[in-house]
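J.:
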Amino acid sequence: MSTLKTLETLREAVRQRPEEIAQARKSGEKVVGYFCLYTPEEIIDALGLIPLRICRGGNEQWMEVGGQYTSTKNCAYIREMVGMFVDSKDKDPLLANSDIIALTTADLEMGRVAEVIHYYCKIDSAVLGVPRSLEDPSGREYFRGAVKDFAAELERRSGRKLARSRLQESVELYREIRRCLLELYEYQAAERPAISWREVFEVTEAGFYLDRRRYLGLLRELLEEVRVQAPVAKRDERARILLCGSIIAPGDTRLLDIIEEMGGRVVGDDLCTSRRFYQELEVKEPTVEGIAEGYMNRLPSAHLVCLRPFDEDRRFVNMVNLARNYRAEGMIYHTLRFCDAFSFKTQPIRRFVREKLGPFPFLNIHTEYSSSDVEAVRTRVESFLNIMTSASEERPALAEASPR
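Quick note: the sequence shown uses my numbering, first residue 2, plus one each step.
1. Where are the alpha helix (DSSP H) runs, 4 residues long or more, that stay fully inside the region 185 to 256, in chain order?
2. Give me the Cα-Cα distance between residue 3 and residue 211, rounded to the nearest whole angstrom.
3. Of all the alpha helix (DSSP H) runs that stay within the bounds of the region 16 to 98, which reach a length of 4 or more residues?
4. Compare the beta carbon distance of residue 297 and residue 135 with 8 Å and say whether it is the shorter of the two.
5. Pick helix, strand or coil for residue 124, following the three-state DSSP scheme.
6. Helix or strand or just coil, what does DSSP make of residue 351?
7. Can you give me the C-alpha to C-alpha distance between residue 220 and residue 51, rounded to a whole angstrom?
8. With DSSP as the reference, please indicate the residues paired to residue 270 in a beta bridge.
9. Just curious, the alpha helix (DSSP H) that residue 365 is in, first and last residue?
10. How would you call residue 123, buried or exposed, if buried means at least 16 neighbouring beta carbons within 10 angstroms?
11. Could you tell me if residue 258 is buried or exposed, where buried requires 16 or more neighbouring beta carbons within 10 angstroms of its beta carbon?
12. Helix, strand or coil for residue 335? Go by DSSP, reduced to three states.
13. Which of helix, strand or coil does DSSP assign to residue 115?
14. Does the region 28 to 36 come into contact with the region 90 to 108, if we say contact requires no fewer than three beta-carbon pairs (one atom in each stretch) closer than 8 Å?
15. Does the region 11 to 21 come into contact with the region 76 to 85, if we say contact requires no fewer than three beta-carbon pairs (one atom in each stretch) closer than 8 Å?
16. Quick one: measure Cβ to Cβ for residue 266 and residue 328, integer angstroms, because I've assumed they're closer than 8 Å.
17. Mapping DSSP to helix, strand and coil, what is residue 390?
18. Going straight from the alpha carbon of residue 292 to that of residue 324, what length do you get?
19. Can you find a heavy atom of the ligand SAH that lies under 7 Å from the Cβ of residue 241?
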């Protein structure tokens, strides 16, 4: 158990946040609830709106409700999102306090959520169009226009105009938040870590909800505390896992809990709710066009088409680099049922990783938000960790790590 005091401060701030948001709305402030990491928070913040990432996972009841309004062949996460709107739009503190719901079409199924909640829940979403490819010139031109239209729609709904000075402030704010998160992430992979990956994951999630300026202050406090924290006495010898694949949204803790219960340790990931949320995103110019460029150039989502050879697929290459940089001993590739964008490339990723890293242990966990397969997942993870342990015993001991 961590002794970091700032972590508990963050947890308490998250607990108090729904009431703070409710009070802010009474004072006339407006909240934008969004889901996808292609949503440009800088624009939301620069308009004086409150950004709130409201994605959720792991709720079997919401998933079942959502299946009645979509299809049981839709992704588990999408079904849960629809179920959340249908079942709890007036009860859930995040949804109930969202004045504007922002969706993107990066995930084609998420684009359909806008239609479903408009028809059944009478919610008129602000939708940011994302083309199938951000490498093609026509796709890039489309996205520039889409971000401009999205900004104009938020201006219309908020009754405010974007000012360059506010954009400059917001761009600098988010740049510093990302820098702090990337630095914090390096500490969790050490042999004697002052903070765990699970705790960094929790810190990242806190940033979905908290006032971003207060959040940055807490990040700086936490970093300072981690820097001076004495290394734990005992080296962490648990199997080192790289966790990749489909979204693991707030509330979806099952796989993470099982990995820890079975004696594993996540040391790296490419999840859109974790490292990929702040990795390789640089906005160089404080304009709407500059923000669009930054989001286009970020590490691409699996939902976007890539027709390049695997050696040139930034997502594939990133996974291998993460495995090397964080000295992972095996990969768990997590796919949600009917999340085709991630499931489709499971075997190519397995082959590519082994081509680059040798006989690298690889496990695909294909699941959904159901209690029926918990024990099956537990058994598979336990067996995989045994394989990882046997494989690591045949390799030289890992070198002591230090934050980069």
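Even glycine gets a Cβ: it sits at the ideal position worked out from N, Cα and C.
Every value quoted in this text rests on a predicted model; they were computed, and no experiment measured them.
T.: Judging by the given coordinates:
1. 198 to 210 and 213 to 229
2. 21 Å
3. 42 to 47, 61 to 68, 77 to 89 and 94 to 97
4. yes
5. coil
6. helix
7. 19 Å
8. 244
9. Per DSSP, residue 365 belongs to no alpha helix (DSSP H); it is in the beta strand (DSSP E), 363 to 368.
10. exposed
11. exposed
12. strand
13. helix
14. yes
15. no
16. About 11 Å separates the two Cβ atoms, so there is no contact after all.
17. helix
18. 30 Å
19. No copy of the ligand SAH appears in this structure; indeed no ligand is present at all.
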